[in-house]
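> Sending over a structure as structure tokens; questions will come in a sec.
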Amino acid sequence: MLVVAGLCAADLIYGMGTLLLNAYRVAIIILGLHTYPATAWKCVTMPHIFMAKIGGQLTAMMNLAVSVDRYFAVAYPVKYLKLSINYAKISLGVIFVYFLGSSTIMIGATYFDEPIFAAYTWLCVNAVFPR
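Throughout, this note's numbering is defined as the position within the sequence shown, counted from one, plus 8.
This is the structure we're talking about:
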């Protein structure tokens with residue numbers, strides 16, 4: 009149950025990031041600022057873009073965690089029922105540590121990889137994370 013709650017939290021982060029990102033883009037277009045140049049680092053460090061990009065990856069990782077959890081529940085039902093809540097806490101902790109490390113590397117690669125004057129605008133439509 010705790011693993012599914014983690015998936016719900018990941019979906020919330022992704023959904024809020026996407027909602028804020030779209031509201032930001034509409035506001036930028038209405039204000040006529042959509043052609044102003046921006047760097048990749050500026051785009052990555054905007055909270056709504058950060059939430060949308062990171063939330064998408066976190067959702068994928070949590071879907072994997074729920075799938076593995078459900079597999080163990082079906083394949084080994086007796087052993088699964090004997091597991092305590094610590095199993096879910098440790099699973100979520102491992103996912104969080106892995107996610108924190110990989111997202112730090114991804115954001116750092118954006119900072120060091122992209123040129124200062126990249127061809128981005130304030131809309132930040134292009135993929136700003138490393139490919």
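Note that CB positions come from ideal geometry on N, CA and C, so glycine has one too.
Jot down the residue ranges of each uninterrupted alpha helix (DSSP H) in the region 64–90, minimum 4 residues, whole runs only, in chain order.
If we require 4 residues or more, the alpha helix (DSSP H) runs fully inside the region 64–90 come out as 85–90.
> Please state the DSSP three-state secondary structure of A13.
As a working mapping, residue 13 is identified with position 5 in the sequence shown. A13: helix per DSSP, three-state reduction.
> Given this structure, state the Cα-to-Cα distance separating F80 from A17, to the nearest angstrom.
Walking along the sequence shown from the start, residue 80 turns up at place 72. Walking along the sequence shown from the start, residue 17 turns up at place 9. Whole-angstrom Cα-Cα distance: 22 angstroms.
> Could you give the residue range of the alpha helix (DSSP H) that holds V133?
Your numbering for residue 133 matches position 125 in the sequence shown. Where V133 is concerned, there is no enclosing alpha helix (DSSP H), given that its DSSP letter is neither H nor E.
> Got a sec? Which residues, its chain only, sit under 7 angstroms from H42 by beta carbon, not counting five neighbours each side?
Along the sequence shown, read from residue 1 onward, the residue named residue 42 stands at position 34. Result list for H42: I36, T129, W130 and L131, in chain order.
> So, with DSSP's three-state summary, where would you put A18?
Residue numbering aside, residue 18 sits at position 10 when the sequence shown is read from its first letter. Reduced to three states, the DSSP call for A18 is helix.
> Take the Cβ of T112 as the centre, count every other Cβ of all protein chains shown within 10 Å, and call the residue buried at 16 or more, exposed below.
Within the sequence shown, the letter at position 104 stands for residue 112. Exposed.
> Alpha helix (DSSP H) containing T53: first to last residue?
The residue given as residue 53 occupies position 45 in the sequence shown. Its alpha helix (DSSP H) spans residues A48 to T53.
> Do Y70 and I21 have their C-beta atoms closer together than 7 angstroms?
The sequence position of residue 70 within the sequence shown is 62, counting from 1. The sequence position of residue 21 within the sequence shown is 13, counting from 1. Per the sequence shown, the amino acid found at residue 70 is Met instead of Tyr. Not a contact, by the Cβ cut-off of 7 angstroms.
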